[in-house]
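Protein chains in written order, with the numbering used here: chain A, 2 to 256; chain B, 39 to 256.
We put the CB at the ideal spot given by N, CA and C, even for glycine.
Inspection log for the structure reproduced underneath, given as structure tokens.
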Amino acid sequence: MVAVRGVSKWFGAHQVLKDVSLDVAAGEVVAVIGPSGSGKTTLLRCVNLLEDFQQGEIRVDGEAVGYAGAGAARRRLPERVIARTRSQVGMVFQSFNLFPHMTVLKNVMVAPVRVKKMPEAEARASAVRLLERVGLADKLDAYPARLSGGQQQRVAIARALAMQPKVILLDEITSALDPELVGEVLAVIRQLARDGMTMMIVTHEMQFAREVAQKVVFMDGGAMIEQGPPRALFADPRTERLQTFLKRFREGYQL
Amino acid sequence: MKLDFNFILRNLPTFLEGAVVTLELSALAILCSLVWGLVVVTARTAPSRALALAATGYIELVRNTPVLVQMLFIYFGSAVLGAPLSGFAAGLLAMTLQNGGYMAEIYRAGIEAVSQRQVEAGMALGMRRHEVMSIVVLPQAIRKVVPPFTNQAIVMIKDTSLVSSISVAEMTFHAKLLTDRTAAAYEVFLTLAALYLAINAIVSAALRLLERRVAIPT
Ligand SMILES: Nc1ncnc2c1ncn2[C@@H]1O[C@H](COP(=O)(O)OP(=O)(O)OP(=O)(O)O)[C@@H](O)[C@H]1O
Ligand SMILES: [Mg+2]
């Protein structure tokens, strides 16, 4: 569903992605782990072109993201095409980023109605269903400012799902939450994984990655270092970098 | 010093006649500046360098020259060009040109106050650039813009008094005539000040009400 091929990205002279390749199959959950600054967020943001990248190619369901052609003929696709691609890729941010001037229901309805041109009644029904699914059926008319972080993040997930995306990108979606609110959000993601949603999840929650992901990708210094099924990867890291990372993580975890 | 209240009462109709013109000019100038400001801010924030530069130059020009000078320039200049504008039209045009520049800057501050994260949330949902603007950014920016807009509206109402110098018969013009005729300067200008005060008090109260009405409910 998502194919990342040899993607490199520079911020000025600083290379933050180095020839990264990975695949996310339909219905698969891929967790991306790695130390701070390793390029996880940047990689995710390249998949829906919130960041542009200078080399390589990304495809979502076969369609090229952001650029056509290769080498000297490589050119950025028109904004209209990029927007269409983005409409098929959901994203959930660490900081929720709900629209503060819209009710919960409106937050979830607005993109289907305005971008997908879905009839209002249909969008409303689907939004209500999604909000029920994330346990917020009683908050339809509330404004985001009134919700807890956990509730806001669940609305953000419903908002992304409302576009019926082919894949959802989640960037440390529990990092901004109080510890007691993390569980309710992870529960929603677990359910999505069971329902066969294709997801790319950047997370620091190793336990969670092990549990929901079919594949774990370890990044360090902008490069994809190792990838594999979580059990194998965690039990038997082949590279020293991953060993060090896991060791540090376990020590930190047990402290 | 004793105030002649009878004089004020006697001449109140004259003042009110002027007040109607003041209100007309204020309302039109405010409306036109709101719209013109949108045009200017669109250019100011356009991807095209040349357009943005032109808009910036325009804003600096109108900001750094007195609106009275602009009025005189347009009023007499239009006559020289053989297409003389009425004092009212010249005043309205000058006020729109000047305050449109200020409004553009107010809009821009409002737009910039909406965080980049909101923009990205819109883009991530597949919104086009103009859709992000109209669905996500402007509704939030407008709310942030109401307080500075209130200030600007009051400045504009006061500035309408300047068109008295290009013979528009608004409040200040009538007041000047009255003092020429009667020498009751104290009463005349006290009344005039009170009327501006009253108008501005009402306008600010109305806009504060608006500010509360559009505030995002919590
Ligand atoms: N807008 C930017 N401009 C310049 N450099 C940036 C920018 N965004 C990120 N970087 C750099 O790119 C590198 C990768 O950052 P990124 O945010 O992708 O890391 P990350 O793996 O998500 O880290 P974390 O776990 O802390 O979220 C870092 O060195 C960072 O400083
Ligand atoms: Mg990150």
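Point to revise | Host beta strand (DSSP E) of L200 of chain B (start-end) | key: Segment: none, L200 of chain B is in no beta strand (DSSP E) and carries neither H nor E.
**Study point:** heavy atom of ligand 1 below 7 Å from E158 of chain B C-beta
**Key:** The answer is no for E158 of chain B.
**Study point:** Other residues of its chain near I90 of chain B: CB distance less than 8 Å, five sequence neighbours each side excluded
**Key:** Strictly speaking, residue 90 of chain B in this sequence is Ala, with Ile absent from that position. Closer than 8 Å at Cβ, skipping near neighbours: A81, R82, T83, A84.
Practice item. Give every residue whose Cβ lies closer than 5 Å to any heavy atom of ligand 1, listed in chain order. Key: Listed by position in the chain, the residues whose beta carbon lies within less than 5 Å of some heavy atom of ligand 1 are A:F12, A:V17, A:S37, A:G38, A:S39, A:G40, A:K41, A:T42, A:T43.
Review point. Mind checking T86 of chain A: buried by the 16 CB within 10 Å criterion, or exposed?
Key: The residue in question, T86 of chain A, is buried, as its Cβ has 16 or more Cβ neighbours within 10 Å.
Exercise for review: With DSSP collapsed to three states, give me the class of E64 of chain A.
Suggested key: E64 of chain A carries a strand assignment under DSSP once its states are collapsed to helix, strand and coil.
Check your understanding: Does Y68 of chain A get closer than 8 Å to chain B when you measure Cβ to Cβ?
Key -> Chain B contact via Cβ: absent.
Practice item. Under the assumption that Y68 of chain A contacts R60 of chain A (Cβ atoms under 8 Å), give the Cβ distance between them as a whole number of angstroms. Key: At roughly 11 Å, the Cβ-Cβ gap does not stay under 8 Å, so Y68 of chain A and R60 of chain A are not in contact.
Check your understanding: CB-CB under 6 Å to S71 of chain B, same chain, minus the five flanking residues each way: which ones, in chain order?
Key -> Taken in chain order, the residues that qualify are T134, N137, G138, M141.
Review point. Using a C-beta cutoff of 8 Å, does F51 of chain A count as contacting chain B?
Key: Reading the sequence as shown, one finds Leu at residue 51 of chain A and not Phe. Chain B contact via Cβ: present.
Exercise for review: Below 9 Å between beta carbons is the criterion; list the residues of the segment 153–165 of chain B that meet it against any residue of chain A, in chain order.
Suggested key: Cβ contacts with chain A come from S153, R155, Q156, E158, A159, G160, M161, A162, L163, G164, M165.
**Study point:** Proximal residues of chain B, C-beta to C-beta of F100 of chain A below 9 Å
**Key:** The answer, in chain order, is Q156, A159, G160, I173, V174, P177, Q178.
Check your understanding: Where does G223 of chain A land, buried or exposed, given buried means 16+ other C-beta within 10 angstroms?
Key -> Burial call: buried.
Practice item. Identify, in the order they occur along the chain, each residue of the same chain with its Cβ nearer than 6 Å to the Cβ of Q215 of chain A, setting aside the five sequence neighbours on each side. Key: So the list reads E29, V30, once near-sequence residues are dropped.
Point to revise | L276 of chain B versus I46 of chain B - alpha carbon distance | key: The structure shown has nothing for residue 276 of chain B, since chain B only spans 39 to 256.
Point to revise | Coil, strand or helix - E173 of chain A by DSSP | key: Correct three-state label for E173 of chain A: coil.
Check your understanding: Can V296 of chain A be considered in contact with ligand 2, in the sense that its beta carbon sits closer than 7 Å to one or more heavy atoms?
Key -> Given a span of 2 to 256 for chain A in the structure shown, any question on residue 296 of chain A remains unanswerable.
Check your understanding: S9 of chain A bridges to which residues according to DSSP?
Key -> Within the DSSP bridge table, the entry for S9 of chain A names A:Q56 as partners.
Check your understanding: Any idea if V100 of chain B is buried or exposed, counting beta-carbon neighbours within 10 angstroms, 16 or more meaning buried?
Key -> Buried is the label assigned to V100 of chain B, since at least 16 other Cβ atoms lie within 10 Å of its Cβ.
Point to revise | the segment 87–106 of chain A touching the segment 152–164 of chain A, judged by at least three CB pairs closer than 8 Å | key: Yes: the two stretches touch, three or more of their Cβ pairs being nearer than 8 Å.
**Study point:** K216 of chain A - partner residues in DSSP beta bridges
**Key:** According to DSSP, which records beta bridges pairwise, K216 of chain A is partnered with A:V31.
Practice item. Could you tell me whether any Cβ in chain A is nearer than 8 Å to the Cβ of A167 of chain B? Key: Just to set this straight, residue 167 of chain B is Arg in the shown sequence, not Ala. R167 of chain B counts as touching chain A.
Check your understanding: Residues of chain A with a CB under 9 Å from the CB of T217 of chain B: which are they?
Key -> Listed along the chain, the chain A residues whose CB falls inside 9 Å of the CB of T217 of chain B amount to none; the nearest CB is some 51 Å away.
Point to revise | Unbroken stretches of the alpha helix (DSSP H), 4 residues or longer, contained in the segment 159–228 of chain B | key: Complete alpha helix (DSSP H) runs here, min 4: 176–197, 209–220.
Practice item. Would you give the residue range spanned by the alpha helix (DSSP H) that G125 of chain B belongs to? Key: 125–151 is the extent of the alpha helix (DSSP H) around G125 of chain B.
Exercise for review: Within its chain, find whatever has a CB closer than 6 Å to the CB of V105 of chain A; leave out the 5 residues flanking it on each side and keep chain order.
Suggested key: Residues of the same chain with a CB within less than 6 Å of the CB of V105 of chain A, apart from the 5 flanking positions on each side, are K140, L141, A143, V156 in chain order.
Check your understanding: Using 8 Å as the limit for Cβ to Cβ distance, is S88 of chain A near chain B?
Key -> True, the Cβ-Cβ gap to chain B drops below 8 Å.
Point to revise | E252 of chain A: CB within 7 Å of a non-hydrogen atom of ligand 2 | key: The nearest non-hydrogen atom of ligand 2 is 7 Å or more from the C-beta of E252 of chain A.
Review point. Taking Cβ to Cβ, would you say L18 of chain A is nearer than 8 Å to F54 of chain A?
Key: Their beta carbons are under 8 Å apart, which means L18 of chain A touches F54 of chain A by this criterion.
Exercise for review: Answer yes or no: the CB of E173 of chain A versus the heavy atoms of ligand 2, is any distance below 7 Å?
Suggested key: At least one heavy atom of ligand 2 is nearer than 7 Å to the Cβ of E173 of chain A, so yes.
Practice item. Report the rounded CA-to-CA distance for S88 of chain A versus T199 of chain A, giving the unit in angstroms. Key: Distance from the CA atom of S88 of chain A to the CA atom of T199 of chain A, rounded to whole angstroms, is 15 Å.
Review point. What separation, rounded to the nearest whole angstrom, lies between the Cα atoms of L256 of chain A and Q190 of chain B?
Key: For L256 of chain A, the predicted structure reports a pLDDT of 42, less than 50, and the residue's modelled location is therefore unreliable. A value from the coordinates is still provided. The alpha-carbon atoms of L256 of chain A and Q190 of chain B are separated by roughly 58 Å.
Check your understanding: Counting pairs of Cβ atoms below 8 Å between the segment 193–213 of chain B and the segment 103–120 of chain B, do you hit three or more?
Key -> Contact holds: three or more Cβ-Cβ distances are below 8 Å.
Point to revise | Cβ neighbour criterion (16 or more within 10 Å) applied to T256 of chain B | key: Residue environment: T256 of chain B is assigned as exposed (fewer than 16 neighbouring CB atoms within 10 Å of its CB, all protein chains considered).
Review point. Does F12 of chain A get closer than 8 Å to chain B when you measure Cβ to Cβ?
Key: Not an interface residue.
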